[in-house]
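Trainee: Please see the structure below; I have some questions.
Residue numbers (the working numbering): 2 to 147.
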């Protein structure tokens, strides 16, 4: 999910495919110039990306987004399924890129042993009336990227 700010100050979340993750961790998205997301990014660069894998791994990334008119980058990122949204192909005049530069991220990982540990803690908490004891850094953590 890419989350941007509307003109009225509210948040707007929408599912968007990540077209690429660059070596410097910049995320790239393909969108239309005439769409709401382009206007929202142009009006306020603060943005957020949220990813989920099944019911066990979550990633929340805060950063800044910007519109990019980089034709060479469009050539690199272009995939034929994008033609559904951009009938003119990679030269479609409505096509624009969004670059998202992460600044900080949080993750929650309940895969592998973490999942077993969490299920144990959840069961214990349910039986005792407590809450699960989740140790910071094992299942959840925060990373500064900028």
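The beta carbon of each residue, even a glycine, is placed where N, CA and C say it ideally should be.
1) I need the boundaries of the beta strand (DSSP E) containing residue 33, first residue and last residue.
2) Who are the near neighbours of residue 33 in its chain, counting only those whose CB is closer than 8 Å to its CB and skipping five residues on each side?
3) Could you name the residues that DSSP lists as bridge partners for residue 13?
4) Assign residue 144 to one of two classes, buried (16 or more other C-beta atoms within 10 Å of its C-beta) or exposed (fewer than that).
5) Is it buried or exposed, residue 47, if we count other Cβ atoms within 10 angstroms and call 16 or more buried?
6) For residue 19, is the classification buried or exposed, using 16 other Cβ atoms within 10 angstroms of its Cβ as the cut-off for buried?
7) Please check the pair residue 25 and residue 58, which I expect to be a contact at CB under 8 Å, by giving their CB distance rounded to whole angstroms.
Mentor: On the basis of the data shown:
1) 28-33
2) 39, 86, 87, 95, 96, 97
3) 5
4) exposed
5) exposed
6) exposed
7) Between residue 58 and residue 25 the Cβ distance is about 23 Å, and since that is not below 8 Å, they are no contact.
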